[in-house]
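Using this note's numbering, you'd call the opening residue of the sequence shown number 118 and step up by one each time. Positions of the beta carbon are idealized from the N, C-alpha and C atoms, including for glycine. Treat the numbers as computed from the prediction; the structure is a model and nothing was measured. Encoded as structure tokens, the structure appears first; notes follow it.
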Amino acid sequence: MAFYRQVGTIPAKRHTQFRDDAGSLYYEELMGEEGFSSDSSLLYHRGVPSAIVDSRTWDLPELTTTGNHPLRPRHLKLHGLFDAEEAVKLDPVQGRRLVLGNSDVRISYVVAAAASPYYRNAIGDECVYVEQGEGVVETVFGVLPYRAGDYVLIPRATTHRWVPTPEEGAASRLYVIEANSHISPPRRYLSRFGQFLEHAPYCERDLYGPDEPLLADGEDVEVLVKHRGSVPSGVVGTRMVYATHPFDVVGWDGCLYPYTFNIEDFEPITGRVHQPPPVHQVFEGHNFVVCNFVPRKVDYHPLSVPVPYYHSNVDSDEVMFYVAGDYEARKGSGIDIGSISLHPGGYAHGPQPSAIEASLGAERFEELAVMVDTFRPLDLGEGGEAAEDPGYAWTWAGRGPGA
Ligand SMILES: [Fe+2]
């Protein structure tokens, strides 16, 4: 979902003749979801949007996964996956390393400073959290600037490319949530017509879409397409070559387009006693949710315990990505900025014991973390296995194999 937006030049009536100054017709494309029954946009192209001159296999990075078996909580240190020298050569699409995944969602991480190829994900929407860095995402709808703290929401099949603008030594650190479905604000925060309601922690004013068309010229432009296929991961790639540049849209309008939302604009919901994780929810996809824990006043009942209770969220695997600040409940666990914790279904989890007493009387938490809860179990990707801290599972008890 995103609310109605109009960019560039469009005809007064949809599906009518629309010509350039020389009298040539523009080519109208409807990009829509759920079989013409949900949000859509109409785009007006200078070239024929279906004119391809070649189609070849794109070999994707390693996407095989290993089950979380024997079952245990995991700590993955993502900052160890890339070094600075390597990042200069990598781009935000091809450099991704799969950390966790299941048949609903894949979570990857990349540190990259080079521009990506033209790319679209035909499997589902992407929600890319910018841990660090800035740049632009060029799309068929126009340009989206991005900065640290942004969620960049890119609808399924949107042709785009990432162009980081690295300052000296600072590549973009991107936490990539690829859905096999659409990703939208939580339904309960929207009116039946799609407007944000008063109890929502953010609203339309906090979403930023493209402002003007991005017109590029070119012939034989290659676009990497990620799409569904008959392989164990269900994900394959194709290199399509377009006769004319895909960024040739003079105008568009509708409710389907890429946008950004910055985590600083999330207004935390707080209470006298501990508020459950759904108050931190920011987006949802099929069989998963995205939440964020932002700096906030904490529970103000005189006897409140600010860190969470132990919880067995029996239907979910919980993935926390620690972005900034101090995450109070994980003190004493080895978890630091750039860490992921995976707390799987079938296992109760909660604070490291010393964190409970330490939190009493706290007025504020300065933590910043992005959480993905999935309703199907997550497997480890090659990046997840490479980043694992094997001692984490035993940090509550203080002893275990090899600890
Ligand atoms: Fe939890």
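DSSP, reduced to helix, strand and coil, places S471 within a helical segment of the structure shown.
Separation of V487 and I169 (C-alpha to C-alpha, rounded to the nearest whole angstrom) is 39 angstroms.
Ligand 1 has no heavy atom closer than 7 angstroms to the beta-carbon of P393.
A straight-line Cα-Cα distance of about 10 angstroms links G462 and D490. Per DSSP, the unbroken beta strand (DSSP E) holding E146 starts and ends at Y144 to G149. With 16 or more other Cβ atoms from the protein chains shown falling within 10 Å of its own Cβ, A296 counts as buried. H132 has its CB no nearer than 7 angstroms to any heavy atom of ligand 1.
DSSP, read as helix, strand or coil, puts D323 in helix. When DSSP assignments are scanned along the segment 165-209, the uninterrupted stretches of beta strand (DSSP E) that are 3 or more residues long and fall wholly within it turn out to be 169-175 and 191-194.
Secondary structure in the segment 294-360: the beta strand (DSSP E) runs of 3 residues or longer, each lying completely within the stretch, are 336-345 in chain order. Between L217 and V436, the CB-CB gap stays under 8 angstroms. E445 is the residue among E445, G500, E483 and F492 whose C-alpha sits nearest the C-alpha of E474. With a contact defined as Cβ atoms closer than 8 angstroms, V247 and G259 miss out at about 18 angstroms.
Taken through DSSP and simplified to helix, strand or coil, S155 comes out as coil. If you look at G500, you'll find it isn't in any beta strand (DSSP E); it sits in the alpha helix (DSSP H) that goes E499 to A503. Your pair L485 and V415 does not check out as a contact, with CB atoms roughly 14 angstroms apart and the cut at 8 angstroms.
Between L215 and G498 a beta carbon distance of about 3 angstroms is seen, short of the 8 angstroms cut, so the two are scored as contacting.
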